[in-house]
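Residue numbers (the working numbering): 487 to 1218.
A virtual CB, placed ideally from N, CA and C, is assigned to each residue, including glycine.
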Amino acid sequence: MKRTVLISLSVFSLLLLIVLNLSYFKIQPLVWVQYFVFLLSFILAGRGFGKIVAEFSGNREHETLGSPLFFLFSALSSWLVNIVFSGSSSLVLIIFGLGSISFLGIKFISEWGSLDKDKLIEDLISENVSFILFLLFLLISSFHLTIATGEKPMDFGILNYFYRHESGTPTDVWASGSGFSYYYLGFFAWAKWMKLFSLGTDYGLPLAFAMNVWLFFQALLGFFKIVFKKNFAQSLLLGLFVLMIPSFQVFVQIVLGKKWDFPFFWGSTRVFKENLFAEFPIWSFSFGDFHPHVMNYPFVVTFLALLLSFGNFSKIDLKKLVLIVLVGVTLSMMNIWEGIFLSLFSVIFYFWSWRKLNIKDAYQKMILNPLLSVLFGIVIIMPWLKTLLVHSASAGHFGISKAPSNGISEYYMFYGTLDIVMFVSMIFLFWKKEIIFESKKYLSSLKMIIFYLPAFILGLMNPSTDSRLFSVVMLIGVLFSLILVAQEKEKYVFAGLMTFSSLCIAHLAENVIMLDRINSLFKPNTFNFLIFSLCASFLLIEALKVLSQKWVSMIYAFVVIVFSFTTFVLVSSIHSIAYTAGKSFATPFEHFRKKSPGDAEVVEWLRVNANTNETVLEYFGAPYKYEASRISTYSGIPSYLGWAGQHVTQRGLSHPELERRKVQTKRIYTKLEAEEIHQVLVKEKITYVVTGSYESRNVTSPGLEKFDKYPDKFEKVVHDLPTGTRLYRVLE
């Protein structure tokens, strides 16, 4: 035991030594120290907060969920102070951190005599593995996060905005005055943590990516430790399995001998028709954008772990229900899509628990407690609802999809890896009579089919043959999941309900449009990949436990992990680095300075002198046009109009307002009448106007000259002589 502790501490110290000597990678050594202190604060505070949550919920296993819950609740509290009281959100983070660390110290001292040495060893091992993952993804994200591909400019712009944002209702960084429609807490939280550690967003963005992987792995460990109770080794292996597992498309392309380049890994998510796609965790972490669904990976797992740890709703008292509601509310504020899916899953789980209650308990446990918890959640989320309803416009629609349907083959290319694991595992479990089909119990679980019928009927009504075939195959999967639900073991019930609800979501996503076609397919399928991964890994271990010795099952899982790791993470990272940033490290702003030196001067001036309540006018552009919104992206100062497409309308800007702003922007830049344009700028609350090479290419008239000719209306605050880029302040 002492030897294990010594080895773990030695490995941790060695890794620390590596971190402090990574100046070879041209990243400032001081930043690596800040990175480590950031991580260490999360480890210590998370341990303390886990003990606090365990005391509150009465479940000792909740200590394992301390780190993700610490992040969630500190973010929620900080945001509430920021919005409601206009106070210092950083102060809240400090209090949260110091409070939980103090609690950890008090508990550690008071329990020193009866300290669980085995648990201490587990903690040391899990932190060492987590730290290796943290380092790996910190390097990956540091080298390929140059803002040059995908929607990274949008994410970076929002992060910069919240880094500078002090208090009050937030505005869209690419449509000033327009609110966020369904997310922003994640950006807010990461930005405030970066500011607290004086990191800045250039170095903070790769740190956020790496910390998100760390939190995800911590949440997975907590989830599986709750599932398997004392079996730490299985939890560790399954956590790596879920983190690393790719889509079936990856394996197919490897077998076909496709070249392992950027298009290969980009195409591993582009498996649906009409160029639609869905991501899976390892792709998002090593290759994707820092979107809300990526930020939410750790916390979706945490929410499910809480549900699982409580067994069923009939056993939940008010305190435990409040804990679930708090996590659910915070998840919705990070990304409302997850709130929708987890609400459906919670309702299904809740409905199933109804049969276990007598009439005497029904009022207290099924009516009064949930009602009080929901009211509590509404009070907490009220400021966010105000933002959602008052400052946002309806940007999408809800209705039956008329687009070409995907078939079972498209879904298999995405979910096939997990389908195989789940199907084979269930066959073995049937064979070994771990899962028993009893008609009486199965008929009882068939009542759940009422949740699936609407989706099934929609699929059959769809004129597409692919959609009908998909409906039939999905129905088979639903029946299999209900066999799991019919078992006596709560673990099987939970896995069955997770699978069942995910099949419902996938089927509705194919046939119903929510907001638009891309979001309708992308968001649910990305969410479901995680759910199926958890179910598949659980069933895999259950099957291997009855078929072979413990060590054989561990080796089998390890082979799968290594294969997934070597064929996806390393290769995709190498190619993404080569495609985006080249061989040398550059922070986003360093890259921007080399590409647009004049614009960089404007950004630096705005970072020092402007505040996030002001607005900058720069010429708009089509989605993914990186010159557009470059100033707001790197400065965090909201622009009048950025990417003029779905990226602003989905967050709240109405289509008529989008078109009006496009016309108004063209008018401001092209019109010669300075007095008239000055009045328009004041009316639209535009504080700064940029004229650079991008504006010059899009404005052919001499309209840009008026800003120089009328210094009493437009004060020139930046003039980069080599490039001619200028920034004007609008005088009132």
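Q. By the 10 Å Cβ neighbour count, where 16 or more other Cβ atoms means buried, how is H779 classified, buried or exposed?
A. buried
Q. By Cβ distance below 8 Å, which residues in the same chain neighbour G1068 in space, the five residues on each side in sequence not counted?
A. Annotation note: pLDDT 49 at G1068 (below 50); position unreliable, coordinate value reported separately. So the list is empty, once near-sequence residues are dropped.
(Q) List, from N- to C-terminal side, the alpha helix (DSSP H) runs of 4 residues or more that fit wholly inside the stretch 1123 to 1170. (A) Taking only runs of at least 4 residues, the alpha helix (DSSP H) segments lying wholly in the stretch 1123 to 1170 are 1132 to 1135, 1141 to 1156, 1160 to 1169.
Q: Quick one: using the 10 Å Cβ neighbour count with 16 as the cut-off for buried, is W598 buried or exposed?
A: exposed
Q. By how many angstroms is the C-alpha of F556 removed from the C-alpha of I529?
A. 10 Å
Q | Cα-Cα separation, L857 to S1082 | A | 56 Å
Q. Run through DSSP, which three-state label would Y938 get?
A. In this structure, Y938 counts as coil in the three-state DSSP scheme.
Q.
For the stretch 801 to 809 against the stretch 980 to 991, do three or more pairs of beta-carbon atoms, one drawn from each stretch, fall closer than 8 Å, so that the two count as touching?
A. No, they do not touch.
Q) Considering only C-alpha positions, which residue in the set L762, F594, K1202, A941 is nearest to L994? A) A941
**Q.** Close beta carbons around S641, own chain, < 6 Å, minus the five adjacent residues each side
**A.** Checking the displayed sequence, the identity of residue 641 turns out to be Asp instead of Ser. The answer, listed in chain order, is D775, F776.
Q | Y647 vs V659 beta-carbon contact at 8 Å | A | Here Y647 is near V659, since their CB atoms are less than 8 Å apart.
Q. Residues in its own chain within less than 6 Å of I1163 by CB, not counting five upstream and five downstream?
A. I1154, K1157
**Q.** the stretch 1140 to 1154 touching the stretch 1113 to 1124, judged by at least three CB pairs closer than 8 Å
**A.** no
(Q) Let's test the definition: count the other Cβ atoms within 10 Å of the Cβ of Q514 and tell me whether it reaches 16, buried, or not, exposed. (A) exposed
Q: Whole angstroms is fine: what's the gap from F916's alpha carbon to V959's?
A: 20 Å
(Q) Only counting the same chain, and skipping five residues up and downstream in sequence, which positions put a Cβ closer than 7 Å to that of P1248? (A) The chain is shown only over 487 to 1218; residue 1248 falls outside these bounds and no answer can be derived.
Q | Cβ neighbours of W823 in the same chain (closer than 6 Å, five flanking residues each side left out) | A | K1009
(Q) Buried or exposed for D602, going by 16 or more other Cβ atoms inside 10 Å? (A) exposed
Q: Check whether the Cβ atoms of P1109 and G1084 lie closer than 8 Å to each other.
A: no
Q. Of the choices W1091, F763, S1058, S795, whose alpha-carbon is the least far from that of Y469?
A. For residue 469 there is no data in the structure shown, the boundaries of the chain being 487 and 1218.
**Q.** Rounded Cβ spacing between M908 and V738 (contact assumed at less than 8 Å)
**A.** Actually they are not in contact, since the Cβ atoms of M908 and V738 sit about 18 Å apart, beyond 8 Å.
Q) Alpha carbon to alpha carbon, how far is V741 from M680? A) 43 Å
Q: Answer yes if the stretch 608 to 618 comes into contact with the stretch 706 to 723, meaning at least three C-beta pairs across the two stretches below 8 Å, and no otherwise.
A: Touching, yes, given that three or more Cβ pairs across the two stretches are closer than 8 Å.
Q | Unbroken alpha helix (DSSP H) run spanning K919, endpoints | A | That residue, K919, is in no alpha helix (DSSP H); it is neither H nor E in DSSP.
Q | Nearest-angstrom beta carbon gap, T1012 and I731 [assumed within contact, 8 Å] | A | Actually they are not in contact, since the Cβ atoms of I731 and T1012 sit about 14 Å apart, beyond 8 Å.
Q.
I'd like to know if the stretch 810 to 819 and the stretch 558 to 573 are in contact, where contact means that at least 3 CB-CB pairs between them fall below 8 Å.
A. yes
Q | Classification of P1197 by the beta-carbon crowding that lies within 10 angstroms, buried from 16 upward | A | exposed
(Q) Can you look up A881 in the DSSP assignment and give me helix, strand or coil? (A) With a pLDDT of only 47 at A881, under 50, the local geometry of the prediction cannot be trusted, and the value read off the model is given with reservation. It is coil, neither helix nor strand.
Q. So is the beta-carbon of E1028 under 7 Å away from any non-hydrogen atom of the ligand ADP?
A. With respect to the ligand ADP, the structure offers nothing, as it holds no ligand at all.
Q. Just how far apart, CA to CA, sit S931 and S754?
A. 36 Å
Q | Residues bridged to F1200 [DSSP beta-bridge criterion] | A | V1216
Q | Residue span of the beta strand (DSSP E) that contains V615, given as start and end | A | Per DSSP, V615 belongs to no beta strand (DSSP E); it is in the alpha helix (DSSP H), 603 to 630.
Q: Assign H1205 to one of three DSSP states: helix, strand, or coil.
A: Strand, per DSSP.
Q | Distance, T1073 Cα to V519 Cα | A | In this structure, the alpha-carbon of V519 lies about 17 Å from that of T1073.
Q.
Between P554, G1210, V1102, M1000, which has its C-alpha nearest T1151's C-alpha?
A. V1102
(Q) For V971, which residues in the same chain have their Cβ closer than 8 Å to its Cβ, ignoring the five residues on either side in sequence? (A) Here the set comprises W838, S931, M934, Y978, V979, G982, L983, F986.
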